[in-house]
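To start, the structure itself, in structure tokens.
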Amino acid sequence: MRIYSNMHTHTSFCDGKESAETMVKAAIEKGFKSLGFSGHSYTPFDDDYCMSLEGTRRYRETVADLQKKYEGEIEILCGIEWDYYANINTQEWDYTIGSVHYVKSPRNGRYYDVDYTYDKLDLCIREGFAGDVGAMIKAYYDNVIDMACNCRPTVLGHFDLIRKLNMGNRFFNENSPKYLSIASNAIEQAVKAGAIVEVNTGGMFRGYCDTPYPDDWILKSLKKLGGSVIVSSDAHVRQSIDYAFDDIEDKLRKLGFKEVKELRKSGFISTKL
Ligand SMILES: [Zn+2]
Ligand SMILES: [Zn+2]
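Count along the sequence shown from 1, add 145, and you get the number used in my numbering.
Structure follows, in structure tokens:
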């Protein structure tokens, strides 16, 4: 393994299962050089997976204490996973992961998550988009494009999360010209905007998909366009903190990547593959 860092880490302040300190200890055990916390930003319309406003304050204090306690052992960064529909002050964080988890229905103005349950995604398509799955996909990638080009997070999170519940093309055909064209355009825009794109193994660890986000063909296209990637596990438990990093390094090498980014206190560094 060449990558000794994970900048996408959740804790019990949001939907993670462990304390922040447990995740720090797991990272040190793995020999990590840095660990970035990325609690879910507060979304007022859906507050059961994200940090509360009060919890966000305590999260920041807790991470600051851990930074002091483990100084010299590991670099700890206090970041946030910035949902597209959340309001945050980017200045308050060491870094941001810009993530799209919802689409907004043009019919009723409601927010529907695209990564929670099969039933909820089904409802999103039927009720939110009158059964027009193409329109839902377009709305998702429009949000991704806006996140990359206008919100400009430090890292662009799980680019094609919309695939999470789509194993076996359950809701849409990932090989259809329409899907390929919408997603191709989005990756082009993101790379043009200079986005550092996350290669995220969270869906693999949880058994939803057998490839990381984004899918291989998107990574290939990103490589061709000259884009950069950073590998993360989107860890919610200590066991997954470096999940499949070896396999992903292999995959990226095969796709022609010579290096990946890693995040440190001083900013991005490049790690040779
Ligand atoms: Zn996410
Ligand atoms: Zn996450």
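The beta carbon of each residue, even a glycine, is placed where N, CA and C say it ideally should be.
Element boundaries [beta strand (DSSP E), containing residue i]
i	result
Asn345	341 to 345
Asn151	150 to 154
Leu222	220 to 228
Tyr257	256 to 258
Phe182	179 to 185
Tyr247	247 to 249
Residue i, buried or exposed, once every other Cβ within 10 Å from all chains shown has been counted against 16
i	result
Ser432	The displayed coordinates of the chain run from 146 to 418. Any statement about residue 432 would go beyond what the structure contains.
Arg203	exposed
Met349	buried
Ile173	exposed
Leu367	buried
Arg383	buried
Ser378	buried
Check: residue i C-beta below 7 Å from any heavy atom of ligand 1
i	result
His246	yes
Glu226	yes
Gly302	yes
Option nearest residue i by Cα separation, candidates the options
i	options	result
Ser164	Gly184, Asp192, Lys178	Gly184
Ser251	Trp238, Glu220, Phe274	It is worth fixing the name first, because residue 251 is Pro in this sequence and not Ser. For the residues Trp238, Glu220, Phe274, the minimum Cα distance to Pro251 belongs to Phe274.
Trp227	Lys249, Tyr187, Arg205	Tyr187
Asp160	Val405, Gly401, Leu397, Ala380	Ala380
Leu301	His246, Tyr263, Asn253, Tyr257	His246
Those residues which DSSP pairs with residue i across a bridge
i	result
Arg147	The partner list for Arg147 (beta bridge, DSSP) is empty, contrary to what the question assumes.
Thr416	Val405
Ile242	Glu226, Val300
Ala380	Thr154
Tyr353	Paired residue(s): none; Tyr353 is not in a bridge.
Check: residue i C-beta below 7 Å from any heavy atom of ligand 2
i	result
His385	Note that residue 385 is Ser in the sequence shown here, rather than His. Flag unset: Cβ of Ser385 not near ligand 2.
Ser186	no
Ser378	no
Range of the contiguous alpha helix (DSSP H) that encloses residue i
i	result
Ile173	165 to 174
Lys399	390 to 399
Gln212	198 to 214
Gly273	From DSSP, Gly273 is part of no alpha helix (DSSP H); its letter is neither H nor E.
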